[in-house]
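Residue numbering for the sequence shown follows my numbering, beginning at 263 and increasing consecutively. C-beta atoms are modelled at their ideal positions from N, C-alpha and C, and glycine is treated no differently. Notes to accompany the following structure.
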Amino acid sequence: MTPSYLLVPGPPVRASSWQPTAELLRNTGFSVQVPDVLAGNASPPSWSAWTSHLLELITLDESSIVVGHSSACALAVELATKKAVRGVILVDGDIPPPQGAAPPVRPALLEFIASIADETGTLPPWSRWFANDAARASLVGIDVLQQDAVAFARFEQELPRLRVEWFNDVVELGRWDHVRAGYIQASQIYDHASAEAIRRGWPVAKLNGTHLDPTTRPVVMAEAIISMTRLVGLVQD
């Protein structure tokens with residue numbers, strides 16, 4: 263059975279962040295879904311309710327491989343605990359605990375997020391989170407995206423404005439260590455996560471790119487996903 267892919271973006275961005283990679287995977291012959299929860303909601307749903315909104319937009323079965331990017335790594339895992347899927351591939355995000363509470367971001371990042379909120383607790387669009395940290399922005403890949411002014415404006419225009427309090431939430435994961443999994447590290451930001459994946463015995467691919475590789479290096483990302491699918495044993499040559 264040919265695998266199908268579900269590409270899940272992190273809530274601070276939109277489905278468009280996955281679209282370049284999705285298009286290449288489709289051109290290779292795979293079925294690909296890229297759900298956009300924010301397209302159908304006037305305001306972002308809570309973190310703990312996000313997966314229920316995803317389930318309204320997608321179809322999952324035993325051919326499905328759920329690919330979560332950034333904060334969507336926890337969402338990918340939660341989906342895999344709710345439906346019988348072939349496996350998960352986590353991309354440049356924190357690896358959730360084997361079960362139990364999974365927040366949107368790790369504590370150090372939450373502290374940073376609180377520091378950039380305005381007086382109402384509202385955050386700037388995700389594309390501007392690292393405006394005062396050129397090194398971090400480069401690791402994220404914002405500078406690469408900005409090289410195409412039109413594409414960057416389109417990307418930024420659709421980003422949600424989240425509030426700090428939105429991040430004070432968790433999803434409660436059922437035990438998922440039975441799920442086949444692999445890890446793709448796109449940026450240096452997630453050295454700690456790839457080390458954890460190795461500790462768990464997962465296959466790991468390191469792309470030496472930026473956090474936005476699904477958008478800015480879709481050929482590399484699509485090839486990495488297909489390769490990881492084989493490494494995890496989710497498809498036979």
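Once the 5 residues before and after residue i are set aside, which same chain residues still bring their CB inside 6 Å of it?
i, result
"M263", "S325"
"L322", "K345, V347"
"A413", "none"
"Y452", "D354"
When we look at the beta-carbon of residue i and count the other beta-carbons within 10 Å, is it buried (16 or more) or exposed?
i, result
"E340", "buried"
"H440", "exposed"
"S305", "exposed"
"H331", "buried"
"V329", "buried"
"D356", "buried"
"D354", "buried"
"G302", "exposed"
"S377", "exposed"
"V367", "buried"
"P297", "buried"
Over what stretch of residues does the beta strand (DSSP E) that includes residue i continue unbroken?
i, result
"L268", "266-270"
"Q419", "From DSSP, Q419 is part of no beta strand (DSSP E) but of the alpha helix (DSSP H) over 411-419."
Looking only at DSSP bridge pairs, what is residue i linked to?
i, result
"A364", "V433"
"Y445", "L352, V466"
"R425", "T384"
"I327", "Y267, G349"
Ordered along the chain, which non-local residues of its own chain (more than five positions away) have a Cβ less than 7 Å from that of residue i?
i, result
"G349", "I327, V441, R442, A443, V494, L496"
"S489", "A467"
"L286", "P480, V481, A484"
"L372", "F429"
Enumerate in chain order the residues of its own chain whose CB-to-CB distance from residue i is below 8 Å, with the five nearest sequence positions on each side excluded.
i, result
"G403", "S449, G471, T472, H473, L474, D475, T477, T478"
Just curious, the alpha helix (DSSP H) that residue i is in, first and last residue?
i, result
"Q281", "281-289"
"S456", "453-461"
"V294", "That residue, V294, is in no alpha helix (DSSP H); its beta strand (DSSP E) goes 293-295."
"D405", "404-407"
For the ligand MN, is there a heavy atom less than 8 Å away from the beta-carbon of residue i?
i, result
"T384", "What this structure holds is no ligand at all, so the ligand MN is not there to describe."
Three or more C-beta pairs under 8 Å: does that hold for the stretch 268-283 against the stretch 417-426? yes
Stretch-stretch touch, CB-based, cutoff 8 Å, three pairs: the stretch 308-316 with the stretch 289-296: no
Take every Cβ of the stretch 424-436, pair it with every Cβ of the stretch 384-404, and state whether three or more of those distances are shorter than 8 Å. yes
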